[in-house]
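Student: The structure's right below; bear with me while I get my questions together.
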């Protein structure tokens, strides 16, 4: 079997910080990994806003409770799990996606942890390791697997580069222009077709509902 | 989150070669990794019998089609997937477990491939890598995870040794005596309780149906 590595936010679920921006009205929280290439800079920016506005984990969990997977993500993931070994490689935090992981049927997600105080305040974050998506792809290759990968943002570039096949999923025009060497999918159907063609394990075709990002 | 690594046959599903022995009446196929410490010797023994008796993959797939997960395995796996990142590390072959993987709800299984001819005959086997269970545990630890592991046989020993917590699940008396340093579980309830106590992620209790191997 082959391994598929997928980014989470923007590929299977909405951007969680944008949802928090929507709910709180704090426009400064709209920056994502699609806008800023330094994840550390982005997180320091976010956490300073969280502190200034006194947002604790209880608030944030409540705001994220009703967020649903993107339209079509569940049948696509079901097909993918049947025919590949699926790993979701994300720079989000386990504390943010407890409910969402359940909605996705408890897939393997490799991401990071927040540091939460006894009073539910976000005190900081612990990146699991530097360049964690690339390191994970290399680890799977060293276990003897062929790795196909897809993402949409700056923090996916080294994952796509190190995978045996890397695919943009609904990238911004800027990402696409900066890294034009990867194939581009804008629907789950296209992504499934590219994965099928790249796999040596002959998975049957996916025929899910069409989905393009709004 | 923490990672759980589980052996497959004897822990979640019956021994597949024993099922083939039952169906064919070939008693020589009853040896398993619980009996022989050299996996290569065991596989050469099995494949020579398969060839002598003209068993092809179609026969074998038909024989294995009705094999079901062990009683209680599905609720245990469901609980485990919710609270851990679950990897099934097995020395079986993807070609043997296509139907069984589906019955287990398509979990991540790292195992090996058989070499199958165009006429559906088993020509040989390709081990993914030497000591593959231990290598996988190390890879997960290098990705920054704590690894809990459980198995029942010779080929699980290095996995249990390299895990942060290793647990025997229904081992033979011989295995238990030879490697007495590991805790022992004989039901999924006990295994879940040991994993809970060893995890730093505070999973809630499992309360599934009791199960001891017949």
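Residue numbers (my numbering), protein chains in the order written: chain V, 1 to 214; chain S, 1001 to 1214. For every residue, glycine included, the Cβ atom is placed at its ideal position computed from N, Cα and C. Just so it is clear, the structure is predicted and the values come from calculations on it, not from any experiment.
1) Just how far apart, CA to CA, sit residue 16 of chain V and residue 35 of chain V?
2) DSSP state of residue 1084 of chain S, grouped into three classes?
3) Residue 126 of chain V bridges to which residues according to DSSP?
4) So, helix, strand or coil for residue 6 of chain V, using DSSP?
5) Comparing the CB of residue 39 of chain V with every heavy atom of the ligand ZN, is any distance shorter than 7 angstroms?
6) What residue range is occupied by the uninterrupted beta strand (DSSP E) comprising residue 1094 of chain S?
7) Along chain S, in chain order, which residues have C-beta atoms closer than 7 angstroms to that of residue 85 of chain V?
8) Who are the neighbours of residue 81 of chain V on chain S, taking C-beta pairs under 7 angstroms?
9) Below 7 angstroms on C-beta distance, what does residue 1 of chain V contact in chain S?
10) At 7 angstroms on the CB atoms, spell out the chain S contacts of residue 142 of chain V, in chain order.
11) Write down the C-beta distance between residue 1026 of chain S and residue 1049 of chain S rounded to the nearest angstrom, noting that I regard them as a contact closer than 8 angstroms.
12) Quick one: does residue 136 of chain V have its CB under 8 angstroms from some CB of chain S?
13) For residue 30 of chain V, which residues of its own chain have a beta-carbon under 7 angstroms away from its beta-carbon, when the five flanking residues on both sides are left out?
14) Who are the Cβ neighbours of residue 133 of chain V in its own chain at under 6 angstroms, not counting the five residues just before and after it?
15) Could you tell me whether any Cβ in chain S is nearer than 8 angstroms to the Cβ of residue 46 of chain V?
16) Going by DSSP in three states, residue 213 of chain V sits in which element: helix, strand or coil?
17) Less than 6 angstroms between C-beta atoms, sequence neighbours within five positions excluded: which residues of the same chain meet that for residue 1164 of chain S?
18) Out of S:1116, S:1108 and S:1074, point me to the one whose CA is closest to residue 1207 of chain S's CA.
19) Could you spell out the range, first to last residue, of the alpha helix (DSSP H) harbouring residue 186 of chain V?
20) So for residue 157 of chain V, helix, strand or coil by DSSP?
21) For a test of the three-state rule: what should DSSP assign to residue 137 of chain V, helix, strand or coil?
22) Can you list, in chain order, the residues of its chain with a C-beta nearer than 6 angstroms to that of residue 155 of chain V? Leave out the 5 residues immediately preceding and following it.
23) What are the boundary residues of the beta strand (DSSP E) that includes residue 1169 of chain S?
24) The alpha helix (DSSP H) with residue 1199 of chain S in it runs from where to where?
25) Would you mind reading off the limits of the alpha helix (DSSP H) that contains residue 1021 of chain S?
26) Does residue 13 of chain V come out as helix, strand or coil in the three-state DSSP assignment?
27) DSSP has residue 151 of chain V in a bridge; who is on the other side?
28) Against chain V, does residue 1128 of chain S count as a neighbour if the rule is that its beta carbon must be under 8 angstroms from one of theirs?
29) Indicate whether residue 1166 of chain S and residue 1149 of chain S have their beta-carbon atoms separated by less than 8 angstroms.
30) I need the boundaries of the alpha helix (DSSP H) containing residue 1034 of chain S, first residue and last residue.
31) So, is the C-beta of residue 57 of chain V closer than 8 angstroms to a C-beta in chain S?
32) Whose C-beta lies closer than 6 angstroms to the C-beta of residue 1199 of chain S among residues of the same chain, with five residues either side of it excluded?
33) Between the alpha carbons of residue 1131 of chain S and residue 157 of chain V, how many angstroms are there, rounded?
34) Consult DSSP for residue 118 of chain V and reduce its assignment to one of helix, strand or coil.
35) If you reduce the DSSP assignment to three classes, tell me which class residue 204 of chain V lands in.
36) Quick one: what's got a C-beta closer than 6 angstroms to residue 1201 of chain S's C-beta in the same chain, skipping five residues either side?
Tutor: Considering the structure as presented:
1) 15 angstroms
2) coil
3) V:113
4) strand
5) Of ligands this structure carries none, so the ligand ZN is not represented either.
6) From DSSP, residue 1094 of chain S is part of no beta strand (DSSP E); its letter is neither H nor E.
7) 1108
8) 1106
9) 1094
10) 1139
11) 6 angstroms
12) yes
13) 18 and 21
14) 89 and 159
15) no
16) The predicted model places residue 213 of chain V with a pLDDT of 46, which falls under 50 and marks its position as unreliable, so this point remains unresolved.
17) 1146 and 1147
18) S:1074
19) Run containing residue 186 of chain V: none; DSSP gives neither H nor E here.
20) helix
21) helix
22) 33, 39 and 91
23) 1165-1169
24) No alpha helix (DSSP H) holds residue 1199 of chain S; DSSP gives it neither H nor E.
25) 1016-1024
26) strand
27) V:168
28) yes
29) yes
30) Run containing residue 1034 of chain S: none; DSSP gives neither H nor E here.
31) no
32) 1002
33) 32 angstroms
34) coil
35) coil
36) 1001 and 1002
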